[in-house]
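Trainee: Protein chains in written order, with my numbering: chain A, 332 to 593; chain B, 843 to 1092.
#1: Might you give, ordered along the chain, the residues of its own chain that have their beta carbon closer than 6 Å to the beta carbon of residue 521 of chain A, omitting 5 neighbours on each side?
#2: Would you say residue 930 of chain B faces chain A, with C-beta separation under 9 Å as the test?
#3: Can you give the beta carbon distance from residue 1069 of chain B to residue 1077 of chain B, rounded, assuming they're within the 8 Å contact cut?
#4: Per DSSP, which residues does residue 924 of chain B bridge with? Please list them.
#5: For the stretch 931-951 of chain B, list every residue whose C-beta sits within 8 Å of some C-beta in chain A, in sequence order.
#6: Which term fits residue 409 of chain A, buried or exposed, when burial requires 16 or more other beta carbons within 10 angstroms of its beta carbon?
#7: Please list the terminal residues of the continuous beta strand (DSSP E) segment that includes residue 462 of chain A.
#8: Out of curiosity, what's the CA-to-CA distance linking residue 340 of chain A and residue 347 of chain A?
#9: Name the chain B residues whose beta carbon is nearer than 9 Å to that of residue 471 of chain A?
#10: Where does residue 932 of chain B fall in DSSP's three states?
#11: Rounded to whole angstroms, what is the Cα-Cα separation between residue 476 of chain A and residue 373 of chain A?
#12: If you draw a straight line from the alpha carbon of residue 495 of chain A to that of residue 406 of chain A, how long is it in whole angstroms?
#13: Closer than 7 Å, Cβ to Cβ, to anything on chain B: give me those residues from the stretch 431-462 of chain A, in chain order.
#14: Would you kindly work out how many angstroms separate the C-alpha atoms of residue 288 of chain A and residue 439 of chain A, rounded to a whole number?
#15: Pull the bridge partners of residue 851 of chain B from the DSSP assignment, please.
#16: Identify whether residue 332 of chain A lies in helix, strand or coil by the three-state DSSP scheme.
#17: Using 10 angstroms around the beta-carbon of residue 464 of chain A, count the other beta-carbons present and answer buried if the total reaches 16, otherwise exposed.
#18: How far does the alpha helix (DSSP H) with residue 493 of chain A in it reach, from first residue to last?
#19: In this structure, does DSSP put residue 866 of chain B in helix, strand or coil?
#20: Contact check, residue 473 of chain A vs residue 381 of chain A under 8 Å by CB: the rounded distance?
#21: Check whether the Cβ atoms of residue 971 of chain B and residue 978 of chain B sit closer than 9 Å, and answer yes or no.
#22: Is it the case that the Cβ atoms of residue 875 of chain B and residue 864 of chain B are separated by a distance below 9 Å?
#23: Is residue 924 of chain B close to chain A? Criterion is C-beta to C-beta, closer than 9 Å.
#24: Would residue 890 of chain B count as contacting chain A if we go by Cβ distances under 9 Å?
#25: Are at least three pairs of beta-carbons, each pair with one atom in the stretch 1022-1035 of chain B and one in the stretch 570-589 of chain A, less than 8 Å apart?
#26: Kindly indicate if chain B contains any beta-carbon less than 9 Å away from that of residue 334 of chain A.
#27: Whole angstroms are fine: how far does the CA of residue 392 of chain A sit from the CA of residue 523 of chain A?
#28: Tell me which residue opens and which closes the beta strand (DSSP E) that residue 901 of chain B is part of.
#29: If contact is defined by three or more beta carbon pairs under 8 Å, each pair taking one atom from either stretch, is the stretch 926-946 of chain B in contact with the stretch 1018-1030 of chain B?
#30: Terminal residues of the continuous beta strand (DSSP E) containing residue 1056 of chain B?
#31: Contact check, residue 388 of chain A vs residue 535 of chain A under 8 Å by CB: the rounded distance?
#32: Would you call residue 332 of chain A buried or exposed, if buried means 16 or more other Cβ atoms sit within 10 Å of its Cβ?
So this is what it looks like as structure tokens:
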């Protein structure tokens, strides 16, 4: 027991040093990304390819999940509020829930798994098979060849996918509400517009942009710093997905506090 | 010329290089021998600046690698071709695109006509058919991957070629083909070559000089014959394994 207590400061010290090392390496990687932005001839064509991959590849799963989220929101709203509130409130709840919260957050979490895992695995494998070293040995910058295209493609495409997710979520919710409630289109649109503020759409996009940064930067960092072979790649992927998902939920709270209550 | 002066490197508690002094003259082919895990690849990566020494200096063409800025280091790397142990080919790109990345001059890299001419030329130099250019690395055998790795390293017409275990994992016939290729490239291109290997036979076939890295230090440098005549117990221990099979042993 006493020995364990004696080791505690040592363990805390090591954890602090490890965390600071991560912060330092992450800052250097981010600085390198900004520096390499000037090499646009290299990253631009790769970014377009990557954006196409992310956009087309993720569209189906994003629409599927947001569609179900919209439908469930409608069904539960109908179950809870029928008879106690005017029906048009259903329109308000569905639109606000989807646009302010479910659309961006669910899209972010799905893409943290889909894109984040892919980025960490790709870069991690490239690191342990010396492909990144090979790129550097050829006098080429891994930032402009590998990192900027992935990060920029994510920063552009995640908000775009969020817009689609919001639209499908609302449409699915509207359709589901009409299946279980005697609500007319006029009631639904009246409710949807009653509490709507144009800032709500911007808020959704701002959130998506920050989530995109988490979905791309963290997995790129984890993959880029992978060590110790296949096991290291597995660890990098798991850490990348868990860390970016947690950061998304943290950002969700922080942005709500800053943007909606300031 | 490549010079290492008192290079030290440790990873955690493990001292890998403990004051390495090593020189490679222009036009020479030097084999760096040593058992697995003695830091041969680490030493090679110091030369191209992929690893920085904890102490000492790595000097290439009079420039200290660790002191170079990003741009200068990038320029230096264009004069060095590095052949990685397992090829390190970009697996999402065709052989053509892999070799094209080796063309380090940006103007030539973007010149389609030059690339269309240069890449089959590089494939020919490493005894591969031009049709191999369309394949993906996953469609190649181990020996072919190594040769494509060499083709990529020579595509930019470097002054130096660094080989990291070019014959490891190959059968004796393919290992001989790669060894002959190393020798052929040194002769036809006039490049300075450093080959890291634990294959004594191959090292003696291709190199002008050999050096043995043991316990973090170069314990012997000399011609293959001097190496074989050495009474140093570390050299004897290393040679023991296949000394009797060696052509010089007769």
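Every residue gets a Cβ at the ideal spot worked out from N, C-alpha and C, and that includes glycine.
Mentor: Reading off the structure:
#1: 419
#2: yes
#3: 7 Å
#4: B:1004
#5: 931, 932, 933, 943, 944 and 946
#6: buried
#7: First-last for residue 462 of chain A: 462-468, but that is the alpha helix (DSSP H), not the beta strand (DSSP E).
#8: 10 Å
#9: 916, 919, 943 and 946
#10: coil
#11: 6 Å
#12: 21 Å
#13: 460, 461 and 462
#14: Coverage of chain A is limited to positions 332 through 593, which leaves residue 288 of chain A absent and any answer about it impossible.
#15: B:859
#16: coil
#17: buried
#18: 479-511
#19: strand
#20: 15 Å between Cβ atoms; not a contact.
#21: no
#22: no
#23: yes
#24: yes
#25: no
#26: no
#27: 26 Å
#28: 897-902
#29: no
#30: 1051-1056
#31: Between residue 535 of chain A and residue 388 of chain A the Cβ distance is about 22 Å, and since that is not below 8 Å, they are no contact.
#32: exposed
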